[in-house]
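Student:
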Amino acid sequence: MATSPTQIRIDSTVKEDANALFSRLGLDMSSAVNMFLRQCVLRGGLPFTVELPKYNQETLDAMEEARKISKDPNVPSYSSVKDLFKALDEE
45 MATSPTQIRI DSTVKEDANA LFSRLGLDMS SAVNMFLRQC VLRGGLPFTV
95 ELPKYNQETL DAMEEARKIS KDPNVPSYSS VKDLFKALDE E
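For the sequence shown, the numbering used here gives the first residue as 45, with consecutive numbering after it.
1. Among the candidates A46, L65, D72, F80, whose CA atom is the shortest distance from the CA of F92?
2. Restricting to Cα atoms, I'd like to know which of E102, L128, V77 is closest to L90.
3. Do M73 and A64 have their C-beta atoms within less than 8 Å of each other?
4. In the DSSP assignment, the alpha helix (DSSP H) including Q51 goes from what residue to what residue?
5. Put F66 into one of helix, strand or coil per three-state DSSP.
6. Taking the continuous alpha helix (DSSP H) assigned at N78, which residues delimit it?
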């Protein structure tokens, strides 16, 4: 199998962390990159899912607000839907 040299630019911290990881796995950077590229070819794409975050910022903010409300002792809670409707009828 003929090989050809390839140069890539990598953030130095990422490179150090990756080298440390690969070393623990008994690999060097070249072997790990080769494994990645072979998996791309075998799968006909990236060997992992690439996707955008599920929620936009407005939704994330609403979720955080809901978490805060759920932990607020001043907000009433109900043990059943029946109790909730009873409280709503009393208002």
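Glycine included, each C-beta is placed from N, C-alpha and C at the ideal position.
Tutor: Quick answer:
1. Checking every option, the nearest Cα to that of F92 belongs to F80.
2. Minimum Cα-Cα distance from L90 among the listed residues E102, L128, V77 corresponds to V77.
3. Contact flag unset, no.
4. Neither: Q51 is in no alpha helix (DSSP H) and is coded neither H nor E.
5. It is helical.
6. Where N78 is concerned, the enclosing alpha helix (DSSP H) stretches over 73-87.
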